[in-house]
Amino acid sequence: DLRILPAAFAKMTTILMTNDKEVAWHCVTERVSQTEFIVKDMLVYPQEVTATTVDTDDEEYARWLIAIGEDTFNNLHGQMHSHVNMGPSPSGTDMGHRDKIVSQLTDNDYDIFMIWNKSLSWSAAIYDMPSNALYETSDIDVVVDFGDGTTAGDLIQELKEKVVTYKPTTYTPTTYGGTSYTTGAKKNAPKS
Numbered sequence: 562d563l564r565i566l567p568a569a570f571a572k573m574t575t576i577l578m579t580n581d582k583e584v585a586w587h588c589v590t591e592r593v594s595q596t597e598f599i600v601k602d603m604l605v606y607p608q609e610v611t612a613t614t615v616d617t618d619d620e621e622y623a624r625w626l627i628a629i630g631e632d633t634f635n636n637l638h639g640q641m642h643s644h645v646n647m648g649p650s651p652s653g654t655d656m657g658h659r660d661k662i663v664s665q666l667t668d669n670d671y672d673i674f675m676i677w678n679k680s681l682s683w684s685a686a687i688y689d690m691p692s693n694a695l696y697e698t699s700d701i702d703v704v705v706d707f708g709d710g711t712t713a714g715d716l717i718q719e720l721k722e723k724v725v726t727y728k729p730t731t732y733t734p735t736t737y738g739g740t741s742y743t744t745g746a747k748k749n750a751p752k753s
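Residues in the sequence shown are numbered consecutively from 562, following our numbering.
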């Protein structure tokens with residue numbers, strides 16, 4: 562499972578919904594168990610973007626890393642970026658960047674890679690060096706945690722149970738002796 566905490570999810574959706582260019586960010590994460598990870602925060606780093614690319618200046622990026630502090634730096638185990646209105650499948654450039662990061666991981670490291678778009682479609686990969694495993698999109702359950710013991714999945718289930726689509730009643734005109742009458746009771750009307 563990949564659990565995204567409320568503030569991190571709010572930051573991510575703000576990034577996605579307010580930008581029409583590709584944007585990248587790092588994730589502050591925590592490993593809870595062998596197969597469970599928590600995304601606690603999202604941090605946007607200095608970058609130059611186009612509709613489909615993100616580029617960083619190495620010196621500016623290094624200054625940013627130093628400024629975030631050692632504790633935060635030591636918990637950066639995630640790289641995410643947007644694909645705006647395109648599908649979230651990784652491009653060749655995305656895979657090259659991912660390979661570069663994975664080649665720098667130590668035997669005790671893990672790293673989470675995700676691509677999101679404005680419709681909140683996503684693809685993911687988690688490289689877990691201690692267990693020599695690669696978890697891909699179909700292996701990963703993303704859980705949006707609301708912080709009150711409920712998740713987005715809980716809310717979606719509640720919506721399915723409690724929200725129904727209004728179905729207006731169709732009235733059938735009936736004619737008796739040349740006069741037209743409408744029969745049927747008004748049902749399913751919205752209640753105010």
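Just so you know, even glycine gets a beta-carbon here, dropped at the ideal spot from N, CA and C.
Query raised in the report: Pick from 708, 693 and 687: whose alpha carbon is nearest that of residue 699?
Result: 687
Report task. Quick one: using the 10 Å Cβ neighbour count with 16 as the cut-off for buried, is residue 694 buried or exposed? Result -> exposed
Requested in this report: Using a Cβ cut-off of 8 Å (strictly closer), state whether residue 618 contacts chain B.
Outcome: Of the protein chains in this structure there is only one, and it is not chain B.
Query raised in the report: How close, in whole Å, do the beta carbons of residue 583 and residue 643 come, if the pair is a contact with beta carbons under 8 Å?
Result: 6 Å
Query raised in the report: Does DSSP put residue 665 in a helix, in a strand, or in coil?
Result: Looking at residue 665 - three-state DSSP - the assignment turns out to be coil, as it is neither helix nor strand.
Query raised in the report: If you run the structure through DSSP and keep just helix, strand and coil, what is residue 638?
Result: strand
**Report entry** Outcome for residue 573 when other beta-carbon atoms lying within 10 angstroms are tallied against a minimum of 16
**Finding:** The C-beta of residue 573 has 16 or more other C-beta atoms within 10 Å across all chains shown, which makes the residue buried.
Report task. Count the other CB atoms, across all protein chains shown, that sit within 10 Å of the CB of residue 753; report buried if there are 16 or more and exposed otherwise. Result -> The predicted model places residue 753 with a pLDDT of 49, which falls under 50 and marks its position as unreliable; any figure quoted below should be read in that light. It counts as exposed.
Query raised in the report: residue 604 lies in the beta strand (DSSP E); which residues open and close that run?
Result: 597–605
Query raised in the report: According to DSSP, is residue 709 helix, strand or coil?
Result: coil
Query - Start and end residues, beta strand (DSSP E) containing residue 675 - result: 671–677
Report task. Under 6 Å Cβ to Cβ from residue 570, same chain only, skipping five residues before and after it: list those, please. Result -> 705
Query - Nearest-angstrom Cα separation, counted from residue 661 out to residue 595 - result: 24 Å
Query raised in the report: Based on Cα-Cα distance, which residue from 590, 712, 702 and 581 lies nearest to residue 635?
Result: 590
Query - Which listed residue (568, 575 and 562) has its alpha carbon closest to that of residue 681 - result: 575
Query raised in the report: In terms of residues, what are the limits of the beta strand (DSSP E) holding residue 687?
Result: 683–689
Query raised in the report: Taking the alpha-carbon positions, what's the residue 663 to residue 724 distance?
Result: 45 Å
Query raised in the report: Among 652, 689 and 601, which one has its Cα closest to the Cα of residue 665?
Result: 689
Report task. Could you tell me which of 701, 668, 678 and 631 sits nearest to residue 647, measuring between CA atoms? Result -> Of the candidates 701, 668, 678 and 631, 678 places its Cα closest to the Cα of residue 647.
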